[in-house]
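Participant: Residue numbers (this note's numbering), protein chains in the order written: chain A, 3 to 235; chain B, 177 to 262. Just so it is clear, CB atoms sit at the ideal spot from N, CA and C, and this is done for glycine as well.
#1: In the region 89-171 of chain A, which residue ranges form an unbroken alpha helix (DSSP H) of at least 4 residues, counting only runs that do not cross its ends?
#2: List, in chain order, every chain B residue whose beta-carbon is nearer than 9 Å to that of residue 66/A.
#3: Taking a Cβ distance cut-off of 8 Å, strictly less, list which residues of the region 81-106 of chain A are near chain B, in chain order.
#4: I need the boundaries of the beta strand (DSSP E) containing residue 49/A, first residue and last residue.
#5: What in chain B is Cβ-close to residue 109/A, meaning under 7 Å?
#6: Counting contacts by CB-CB distance shorter than 8 Å, is residue 193/B in contact with chain A?
#7: Output yes or no for whether 8 Å exceeds the beta carbon distance between residue 11/A and residue 37/A.
#8: Give the DSSP-derived three-state secondary structure of residue 206/B in the structure shown.
#9: If we count the other Cβ atoms within 10 Å of its Cβ and call it buried at 16 or more, is residue 23/A buried or exposed?
#10: Taking any Cβ of chain B, which residues in the region 107-132 of chain A have a Cβ under 8 Å from it, in chain order?
#11: On the three-pair Cβ rule with 8 Å, is the region 68-85 of chain A touching the region 183-191 of chain A?
#12: Only counting the same chain, and skipping five residues up and downstream in sequence, which positions put a Cβ closer than 8 Å to that of residue 249/A?
#13: Would you identify the three-state DSSP class for residue 7/A, choosing helix, strand or coil?
#14: Assuming residue 245/A contacts residue 109/A (C-beta within less than 8 Å), just tell me the rounded distance between them.
#15: Would you mind telling me which residues of chain B sit closer than 7 Å to residue 13/A, beta carbon to beta carbon, in chain order?
#16: What's the C-alpha gap between residue 189/B and residue 111/A?
#17: Assuming residue 257/B is part of the beta strand (DSSP E), what are its boundary residues?
#18: Would you verify that the beta carbon of residue 153/A is, or is not, closer than 8 Å to some beta carbon of chain B?
#19: Distance, Cα to Cα, residue 191/B vs residue 247/B?
#20: Can you give the Cα-Cα distance for residue 2/A and residue 69/A, rounded to whole angstroms?
#21: Can the beta-carbon of residue 229/A be found less than 8 Å from the beta-carbon of residue 106/A?
#22: Identify the contact partners of residue 63/A in chain B, using a Cβ-Cβ distance below 8 Å as the criterion.
#23: Which whole-angstrom value is the C-beta distance of residue 183/B and residue 256/B, which I expect to be below 8 Å?
#24: Taking CB distances under 8 Å as the criterion, tell me whether residue 177/B reaches chain A.
#25: Who are the near neighbours of residue 135/A in its chain, counting only those whose CB is closer than 7 Å to its CB and skipping five residues on each side?
#26: Looking at residue 97/A and residue 172/A, is the spacing between their C-beta atoms short of 8 Å?
#27: What's the call for residue 204/B, buried or exposed, on a 16-neighbour Cβ count within 10 Å?
#28: Beta-carbon separation of residue 115/A and residue 193/B under 8 Å?
#29: What runs of the alpha helix (DSSP H), each 4 residues or longer, lie entirely inside the region 206-234 of chain A?
#30: Report all residues from its chain with a CB closer than 7 Å to the CB of residue 34/A; omit the five preceding and five following residues, and keep chain order.
#31: Below 7 Å on C-beta distance, what does residue 200/B contact in chain A?
#32: Distance check for residue 187/A and residue 231/A, CA to CA, integer angstroms please.
#33: Roughly how many angstroms separate the alpha carbons of residue 91/A and residue 206/A, rounded to a whole number?
Next comes the structure, spelled out in structure tokens:
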């Protein structure tokens, strides 16, 4: 077992918590703990994962109620001190509602719950989550969401670009970013961003579902290995 | 003595933000033969009671609730009515 400890928060309605546990522990061999949303203790985790799912039934707005779970105070404090936090899908929605990342995720532009493999370009290969992944790598990672249409106003979008906060964009298999490869209407094909300090990542695609060689796709491993190599080795 | 106020909050997505739900419902309208319907938008109406000493305290609580939880100021605006229950 490697020494990095991952903590996966379990909200009522999370449903990718066990996928993340399986990928990180059974496939990649890291120590992993579940963190119940009503607790405050992060169990000395080095990396916090807010997993996908439908926390609180997606009532009101996705992520709007989960951000008030007791564990989120600890997660926000951890993030503000530079701790590594990753929000995947519903976890991304929670990070936005909690104000740890800018913007909102609207309903997909088409009335379809999109569940398929997509391709991602790495826009910022100097982030904690991507540094070390070979240049021009196109990642194949699945998405599964009805509300993944990332939206920010023009000022915030310019700020994201200026600070190099856009990490992943939807693209073609060959890495071409165009409206044809935008699965949900996200502004400028944005699939994942980091905060200004670079320690909080939110992404709609599911890297944990792209780790098991049995599934014939393992690009999610590149992201988890990058985190461990860049921050803890 | 405490007073009870009935509150109705209307939360509307900004006009600049697309409403795919409204668009999808409008497809249903067309299938129903209602070809004159246009610009359907689906917003939220939320009702609740506030039990406090006076109207200004009630308004204060309503605004806190709306700003911090019921609406997302990045994409939505809210308005409310507040009525004392006699």
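Facilitator: The relevant details are as follows:
#1: 92-99, 156-164
#2: 245, 246, 248
#3: 99, 105, 106
#4: 49-52
#5: 196, 197
#6: yes
#7: yes
#8: helix
#9: buried
#10: 108, 109, 110, 111, 112, 113
#11: no
#12: Because chain A is modelled from 3 through 235, residue 249/A falls outside the range shown and cannot be assessed.
#13: strand
#14: This structure does not reach residue 245/A, given that chain A is present from 3 up to 235, and the question cannot be answered.
#15: Simply none; closest approach about 16 Å.
#16: 15 Å
#17: 252-260
#18: yes
#19: 15 Å
#20: The question about residue 2/A has no answer, for chain A in this structure spans 3 to 235.
#21: no
#22: 248
#23: 6 Å
#24: no
#25: 124, 127, 224, 228
#26: no
#27: exposed
#28: no
#29: 221-229
#30: 8, 10, 23, 26, 27
#31: 113
#32: 33 Å
#33: 4 Å
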